[in-house]
């Protein structure tokens with residue numbers, strides 16, 4: 084072996100497969116593991132398990148050890164190939180895996196980046212079918228399960244937004260550090276030469292003659308046979324007009340992930356940019372009442388929002404700040420406290436119970452859940468938010484509790500709001516806003532903006548205020564919040 088060849092083969096210490104659910108990552112892993120010297124260790128940093136659903140450790144490191152020190156597991160992965168240029172190990176990484184790992188791996192030029200993509204419509208449909216059937220892998224076609232699903236435009240928009248944000252972050256990270264990745268599309272996985280090319284890029288001399296035959300493709304039928312409302316889906320996708328991007332790694336155009344949540348008044352040129360866990364319902368109801376009860380305009384894309392703006396010269400956009408204590412409490416009550424239901428995060432709830440000792444039962448709370456229990460649970464949630472928002476946990480920072488300053492910065496990537504209102508003066512602020520667009524007859528705010536206010540008032544004290552300030556110190560400073568109450 085020549086010195087130049089040895090140097091080329093040693094340019095990477097380990098690899099990471101950037102992928103997502105239902106993109107073919109299991110099949111890619113199976114084929115990577117078919118190469119002598121390659122070891123792909125599953126979803127090593129999935130917050131709900133380590134490696135695989137029934138595994139207890141990876142390379143001798145337990146899930147608890149990994150959660151407290153992810154760098155330890157990365158070091159163990161690197162050690163697999165240390166001093167052996169024809170050996171390399173790595174793992175699969177999805178957009179909801181431990182964010183600390185991406186911070187460590189993305190800028191590291193000794194980490195080989197493999198980026199696996201798939202048509203987002205196909206991955207969305209496949210994921211819904213797998214969830215409906217409970218079948219996430221197929222090794223015997225006799226056991227294949229099938230189901231038809233309904234396409235939900237809003238749900239799909241959120242799915243695509245998450246993919247886009249993930250891909251853009253990868254692309255920008257590579258650009259800023261002068262790196263490149265090996266891009267693989269779902270359809271490329273069926274080409275043995277592409278797999279051998281990937282091995283060559285990793286610096287592995289081994290080659291394979293055929294692909295893994297154990298895993299079988301699930302639900303190979305055309306989309307028209309898998310989607311109940313296929314015509315409605317076609318209409319929604321045509322309206323979005325962005326699916327020439329399915330084979331590009333960065334899912335252009337780069338648009339803010341919150342755009343699908345924006346809503347506009349039926350007639351009056353007002354556009355509301357919600358901050359999650361804020362007074363969304365009250366503001367929406369006010370916008371409806373402003374124009375006599377007609378339905379709001381929503382489910383915007385980058386394209387349709389620009390069209391709306393073009394058709395409404397003189398429009399005004401706005402968002403509404405909520406006090407950090409009240410906002411964190413709303414996020415807790417709506418997302419974490421219920422064990423199930425629309426908008427809840429049951430898996431995250433379980434992780435909070437397990438990792439952060441959140442004092443909630445496994446199921447829904449019962450009659451024995453009173454004021455004292457609510458205070459303890461909410462205070463525990465606030466204690467979790469400080470390390471979570473500081474990037475010190477393996478759990479995602481959800482928009483439901485991300486700091487309002489960061490969310491506003493994200494909005495500004497598309498267009499900043501004309502006005503930033505505050506919940507405690509919302510009635511006055513909305514009336515002033517309406518006058519800016521010629522509406523002197525705006526209705527009064529007739530409802531409580533926070534349905535959880537009274538529950539919070541019963542438990543609020545100095546400890547809760549301090550915990551909120553510890554978590555949201557920058558929001559307090561940036562927006563001048565005083566103590567809640």
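In this note's numbering, the protein residues as written are 84 to 568. Glycine residues also receive a C-beta, built at the ideal position from the N, C-alpha and C atoms.
Specify the secondary structure class of residue 95 as computed by DSSP and reduced to three states. coil
With burial defined as no fewer than 16 other Cβ atoms inside 10 Å of the residue's Cβ, what is the status of residue 536: buried or exposed? exposed
Buried or exposed for residue 344, please, with buried defined as at least 16 other CB atoms from any protein chain shown within 10 angstroms of its CB. buried
What is the rounded straight-line gap between the Cα of residue 493 and the Cα of residue 252? 13 Å
Should residue 422 and residue 445 be called a contact, given that it needs their Cβ atoms to be closer than 9 Å? Their beta carbons are under 9 Å apart, which means residue 422 touches residue 445 by this criterion.
Using the three-state DSSP reduction, which class does residue 557 fall into: helix, strand or coil? helix
Residue range of the beta strand (DSSP E) that residue 505 falls in? Per DSSP, residue 505 belongs to the beta strand (DSSP E) from 502-505.
If you drop the 5 nearest sequence neighbours on each side, which residues of the same chain put their C-beta closer than 8 Å to that of residue 281? Excluding sequence neighbours, residue 281 sits near 115, 197, 265 and 267.
For residue 149, count the other beta carbons within 10 Å of its own beta carbon; 16 or more makes it buried, fewer makes it exposed. Which is it? buried
Residue 555 and residue 462: beta carbons closer than 9 Å? no
For residue 408, count the other beta carbons within 10 Å of its own beta carbon; 16 or more makes it buried, fewer makes it exposed. Which is it? buried
Going along the chain, which residues of its own chain have a beta-carbon closer than 6 Å to the beta-carbon of residue 96, five neighbours each way excluded? 161 and 193
What does the alpha-carbon distance come out to for the pair residue 254 and residue 101? Between residue 254 and residue 101, the C-alpha separation is close to 11 Å.
DSSP beta-bridge partners for residue 380? 347, per the DSSP bridge assignment.
Go through its chain and collect everything with a Cβ distance to residue 372's Cβ below 6 Å, but skip five positions before and after it. 526
When you compare each of 147, 138, 154 and 175 to residue 113 by their alpha carbons, which one comes out closest? 175
Roughly how many whole angstroms lie between the Cα atoms of residue 122 and residue 275? 18 Å
Would you kindly work out how many angstroms separate the C-alpha atoms of residue 558 and residue 431, rounded to a whole number? 24 Å
Would you tell me roughly how many angstroms separate the C-alpha atoms of residue 454 and residue 541, rounded to the nearest one? 7 Å
Three-way DSSP call (helix, strand, coil) for residue 196 in this model: Taken through DSSP and simplified to helix, strand or coil, residue 196 comes out as strand.
Going by beta carbon distance, what residues of the same chain come within less than 6 Å of residue 92, once the five residues before and after it are set aside? The predicted position of residue 92 is uncertain, since its pLDDT is 47 and thus under 50; no value can be drawn from it.
Please go through the same chain and pick out, in chain order, the residues whose beta-carbon is closer than 6 Å to the beta-carbon of residue 337, but skip the five residues on each side of it. In this prediction, residue 337 scores a pLDDT of 31, lower than 50, which makes its location untrustworthy; no coordinate-derived value is stated.
Within 10 angstroms of the Cβ of residue 560, are there 16 or more other Cβ atoms? Answer buried if so, exposed if not. exposed
Cα separation between residue 234 and residue 534? 31 Å
In whole angstroms, what is the alpha-carbon distance linking residue 229 and residue 204? 17 Å
Taking residue 349 and residue 398 to be in contact with their CB atoms under 8 Å, please state how far apart those CB atoms are, rounded to whole angstroms. So it is not a contact: roughly 13 Å between Cβ atoms.
Nearest CA to the CA of residue 352: which residue from 547, 440, 151 and 516? 516
Residues near residue 358 by beta carbon distance below 6 Å, same chain, minus five either side: 402, 487 and 490
Using C-beta distances below 7 Å, list every residue in its chain close to residue 107, excluding the 5 sequence neighbours before and after it, in chain order. Annotation for residue 107: 199, 201, 269 and 272 place their beta carbon closer than 7 Å to its own, counting only its chain and skipping 5 residues before and after.
Quick check on residue 141: buried or exposed, where buried means 16 or more other Cβ atoms within 10 Å of its Cβ? buried
If we call anything under 9 Å between Cβ atoms a contact, is residue 319 one with residue 391? no
What is the residue span of the alpha helix (DSSP H) that residue 461 lies within? 454-472
Whole angstroms are fine: how far does the CA of residue 237 sit from the CA of residue 178? So the alpha carbons of these two residues sit roughly 19 Å apart.
Proximal residues to residue 263 (C-beta, below 7 Å), its chain only, five neighbours per side dropped: 257
For a quick check, are the C-beta atoms of residue 182 and residue 434 less than 9 Å apart? no
Return the chain-ordered ranges of every beta strand (DSSP E) run that is complete within the region 475-538 and spans a minimum of 3 residues. 502-505
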